[in-house]
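To start, the structure itself, in structure tokens.
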Amino acid sequence: MIRETDLYYLKKEEPNKSCLITLRKIIIRQDDNISETRKWGMPCFCYKEKVLCYLWTDKKTDEPYLLMVEGKYLKYIELEEGGRSRMKILRVNPNKDLPIHFIKLVLNEALDLYRNGTIKTK
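Numbering-wise (the working numbering), the sequence shown opens with residue 72 and increments by one.
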């Protein structure tokens with residue numbers, strides 16, 4: 072039986088499908104307390120039931136990105152703030168090798184915000 076959380080990925084075309092599935096695996100493997108769900112049609116990843124990040128594709132470019140909910144705390148020039156005050160995104164080119172080390176660095180820095188109590192969890 073196909074899980075609801077799998078449907079988002081299965082409907083995508085390559086190379087976005089493989090890219091998003093790989094991002095999903097990277098996120099989930101960062102901590103045993105990360106769970107996956109869907110919110111607003113997007114894959115949503117929570118740390119102890121508190122939203123950590125989302126995966127989505129840009130409407131104009133159709134390229135995947137990782138949206139960090141507490142991005143305002145993350146100070147990397149690769150993260151785009153756009154018009155957002157709280158969240159930042161990391162665009163990912165599905166036709167190039169993923170910057171896995173950098174993605175893990177960003178995720179772990181964000182997770183530390185939850186682990187150390189900067190962002191309150193349940």
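Ideal Cβ placement from N, Cα and C applies to all residues, glycine included.
What separation, rounded to the nearest whole angstrom, lies between the Cα atoms of L182 and I174? 12 Å
Count the CB pairs spanning the stretch 147-160 and the stretch 106-117 that are closer than 8 Å, and state whether there are at least three. no
Comparing C-alpha positions only, which one of I97, Y79, E75, T76 sits nearest to E178? Checking the displayed sequence, the identity of residue 178 turns out to be Leu instead of Glu. Residue I97 is the option with its Cα nearest to L178.
Could you check the C-alpha separation between S106 and G154 for me, to the nearest Å? Between S106 and G154, the C-alpha separation is close to 28 Å.
So the candidates are I92, Y79, V140, K130; which of them puts its Cα closest to the Cα of Y185? Comparing Cα positions, the closest option is V140.
Cβ-based neighbour list, E134, same chain, cut-off 8 Å, excluding 5 preceding and 5 following: N87, T128, R162, V163, N164, P165
Host alpha helix (DSSP H) of S89 (start-end): 87-99
For the beta strand (DSSP E) containing K83, name the first residue and the last one. Here K83 belongs to no beta strand (DSSP E), and DSSP marks it neither H nor E.
Note down, one range per segment and in chain order, each alpha helix (DSSP H) of at least 4 residues found wholly within the stretch 99-136. none
Just confirm the distance between the C-beta atoms of C124 and L138, as a whole number of angstroms; I'd bet it's less than 8 Å. 6 Å
By a C-beta neighbour count over all protein chains shown, 10 Å radius and 16 as the cutoff for buried, is K167 buried or exposed? exposed
Is it buried or exposed for G242, if we count other Cβ within 10 angstroms and need 16 for buried? Within the shown structure, residues of the chain are numbered from 72 to 193, placing residue 242 beyond reach of any answer.
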